[in-house]
Amino acid sequence: MVKTKTARSIDDRLKSVVWDDQSPLSVAIETPKGKIQTRHGRFVGGRADGVEIVRIDTGAVVVNVLPTRGMAIWSIESDAGRFGWHSPVDGPVHPSLVPIHDPSGLGWLEGFDELVVRCGLESNGAPEHDESGKLAYPLHGRIANLPADGLQIEYDEVSGRLELIGDLRESRLFFTNLRLNSRIRVHAGSASVQIFDDVTNERSTPATVQLLYHINVGQPVLENGSQLILPIDELAPKDKLSAGEIETFNEYGEPQVGYAERVYFAKLRCDETNLTSVMLQNADASQALAVTYGTKTLPRFVLWKNTADPADGYVTGLEPATNFPNQRSFEASHDRVVEIQPEQTVCFRVTIDPLSDPESVAEMAERIKKLAGDQPPLIHPGPRPGWSPGA
């Protein structure tokens, strides 16, 4: 008898967590808008051994945060289902077991299975090697595999606001000393999750930074007939393969065995406060995940499509960024790095909204339509010079 291998559910993986209800990160608060509570624990056994998790229950959703993995949001759970994806990595994977500096530069992929993961800070794109073949910058940088320090919970009982706070530090003597202070904010009774990240250069000399929010959505929101709604100003395929689907770049089909990823680069339109939104909705527009962010510090947007067989990762990425995720030297040559002066702080803001009913999906779609306006977008049929190497 042949047994079919199936991916473990998040509930199965949570069974290996040892919860610490005496931890200062485990709290229960009564507010005028209902109870909000958190639980702090650690995974035991396997590649997840030692990974911290904080589960935040707002009454509307449960947010699973992994402080050990760069303050990533592993998944968001609601009555309508789970927002995240099923990665063949089957994590979470402790950072000590992720070979970031593997000679290929692709070791980052061995730990990748979160809903929201940061890429950066020194670099956030494709791996890059020097003239001798030595790895200079690994895929997507180091920040996702650095553990948070100084964890604490802050809350306000009157408003129902709660924040999980942690510090991430990317530093090396003689080279760089960057601190990312992250606040993940929720409110009692609300499904909205806000990310407030402040990056500070703590060296005495200027530094350059890249940051990308890799926001990854799989089933059930991603399915045959799903659609991405976004207010495009300008968009281009990353490469010739992606150009082959430019007419349907924002549409999704059934899983395909052997599917090769497609990537699209864009600039989006925003409102008078520099905010923009994108939304992935399912086939009947009854469920969606929306992302709202500030374009002043995140002026680029990347769409990653990987509608492969579920065993290989059926997923799409909605990615606000400071730059396009090419090799760092290419991006620097086109002034797509952020220079930070000594003791200067740059603020990044991203909001994740899991939408679980047709009314809220329609409301967000209308908001994005207004952002798009009446002016037709500029959509390039092939890779755009200056955006893609070799274009």
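In the UniProt record's numbering, the protein residues as written are 1 to 391.
Even glycine gets a Cβ: it sits at the ideal position worked out from N, Cα and C.
Identify which residue in E234, K33, S87, G81 has its Cα closest to the Cα of P310. The residue labelled residue 310 in the question sits at position 310 within the sequence shown. The option with the nearest alpha carbon to P310 is S87.
When DSSP labels each residue in this structure, what does I100 get in the three-state scheme? What you label residue 100 is simply residue 100 of the sequence shown in a count that begins at 1. Note: I100 maps to coil in three-state DSSP.
Rounded Cβ spacing between E157 and I29 (contact assumed at less than 8 Å): Here the question's residue 157 lines up with position 157 in the sequence shown. Here the question's residue 29 lines up with position 29 in the sequence shown. The beta-carbon separation of E157 and I29, rounded to 6 Å, stays under the 8 Å limit for a contact.
Flag this pair as yes or no: are the beta carbons of V199 and L178 separated by less than 8 Å? Reading the sequence shown from its first residue, position 199 is the one you call residue 199. Reading the sequence shown from its first residue, position 178 is the one you call residue 178. Yes, Cβ-Cβ distance for V199 and L178 is below 8 Å.
With S75 as the anchor, note down where its beta strand (DSSP E) starts and where it stops. On the sequence shown, position 75 is the one that residue 75 refers to. Start and end: 72-78.
C-alpha gap between V114 and I215, whole angstroms: The count along the sequence shown starts at 1 and reaches residue 114 at position 114. The count along the sequence shown starts at 1 and reaches residue 215 at position 215. A small correction: the amino acid at residue 114 is Glu; Val does not occupy that position in the sequence shown. Those two C-alpha atoms are separated by around 8 Å.
How many whole angstroms separate the CB atoms of D20 and G41, which I take to be in contact at a CB cut-off of 8 Å? The sequence position of residue 20 within the sequence shown is 20, counting from 1. The sequence position of residue 41 within the sequence shown is 41, counting from 1. In this structure, D20 and G41 form a Cβ contact; the two beta carbons are roughly 6 Å apart against a cut-off of 8 Å.
Entirely enclosed beta strand (DSSP E) segments - the stretch 8-79, minimum 3 residues: Whole beta strand (DSSP E) segments, 3+ residues: 17-19, 28-31, 34-43, 52-57, 62-66, 72-78.
Since C119 sits in a beta bridge, which residues does DSSP pair it with? Position 119 of the sequence shown, counted from the first residue, corresponds to residue 119. Answer by DSSP bridge pairing, in chain order: L212.
Candidates F265, L180, I36, of which the one nearest Q344 by Cα: Start at 1 with the first residue of the sequence shown, and residue 344 comes out as number 344. Nearest in C-alpha terms to Q344, of all of F265, L180, I36, is L180.
Using DSSP bridges, identify the partner residues of T264. The sequence position of residue 264 within the sequence shown is 264, counting from 1. As written in the sequence, residue 264 is Tyr, which differs from the Thr given in the question. Residue pairing of Y264 in beta bridges, as defined by DSSP: P237, L303.
DSSP on E359, reduced to helix/strand/coil? For this step, residue 359 is matched to residue 359 along the sequence shown. When secondary structure is reduced to three states using DSSP, E359 falls in the helix class.
Between V302 and A188, what straight-line distance do the alpha-carbon atoms span, to the nearest angstrom? Within the sequence shown, numbered from 1, the residue matching residue 302 stands at position 302. Within the sequence shown, numbered from 1, the residue matching residue 188 stands at position 188. So the two alpha carbons sit approximately 31 Å from each other.
Pick out whichever of S78, D102, T68, I76 has its Cα sitting closest to the Cα of P92. Within the sequence shown, the letter at position 92 stands for residue 92. Taking P92 as reference, the option from S78, D102, T68, I76 with the minimal CA-CA separation is T68.
Give me whichever residues DSSP pairs with Y155 in a beta bridge. The residue given as residue 155 occupies position 155 in the sequence shown. L162, per the DSSP bridge assignment.
Only counting the same chain, and skipping five residues up and downstream in sequence, which positions put a Cβ closer than 7 Å to that of S75? Counted from its first residue, the sequence shown places residue 75 at position 75. Excluding residues within five positions, the ones whose Cβ falls inside 7 Å are I10, N64, R82, F83, G84, L115.
Mapping DSSP to helix, strand and coil, what is D312? If you number the sequence shown from 1, residue 312 lands on position 312. The DSSP-derived three-state label of D312 is helix.
Determine which residues share a DSSP beta bridge with S277 and list them. Locating residue 277 in the sequence shown gives position 277, counting from the first residue. According to DSSP, S277 bridges with T292.
Compute the distance between the beta-carbons of S182 and L168, then report whether it is under 8 Å. Taking the sequence shown and counting its residues from 1, the one referred to as residue 182 is at position 182. Taking the sequence shown and counting its residues from 1, the one referred to as residue 168 is at position 168. With contacts defined as CB atoms closer than 8 Å, S182 and L168 qualify as a contacting pair.
Here's a check: name, in chain order, each residue in its chain whose Cβ is nearer than 7 Å to the Cβ of F112, leaving out the five neighbours to either side. In the sequence shown, the residue the question calls residue 112 occupies position 112. Same-chain partners within the cutoff: S87, V89.
Can you give the Cα-Cα distance for I246 and K240, rounded to whole angstroms? The count along the sequence shown starts at 1 and reaches residue 246 at position 246. The count along the sequence shown starts at 1 and reaches residue 240 at position 240. Taken atom to atom, the span from the alpha-carbon of I246 to that of K240 is near 10 Å.
Nearest to Q227 by alpha carbon, out of E163, N282, G150, S26? On the sequence shown, residue 227 is found 227 positions in, with the first residue counted as 1. Relative to the Cα of Q227, the nearest Cα in the group E163, N282, G150, S26 belongs to N282.
Enumerate in chain order the residues of its own chain whose CB-to-CB distance from T4 is below 7 Å, with the five nearest sequence positions on each side excluded. Taking the sequence shown and counting its residues from 1, the one referred to as residue 4 is at position 4. For T4, the predicted structure reports a pLDDT of 38, less than 50, and the residue's modelled location is therefore unreliable. The matter cannot be settled from this model.
Quick one: is residue 450 buried, meaning 16 or more other Cβ sit within 10 Å of its Cβ, or exposed? With the chain covering 1 to 391 only, the question about residue 450 has no answer from this structure.
Same chain, Cβ closer than 8 Å to L222, five either side skipped, listed in chain order: Position 222 of the sequence shown, counted from the first residue, corresponds to residue 222. W85, Y252, L280, N282, T307, Y314, V315, T316.
Just verifying my parser: in three-state terms, what is the DSSP assignment at S329? Along the sequence shown, read from residue 1 onward, the residue named residue 329 stands at position 329. S329 falls in the helix class under three-state DSSP.
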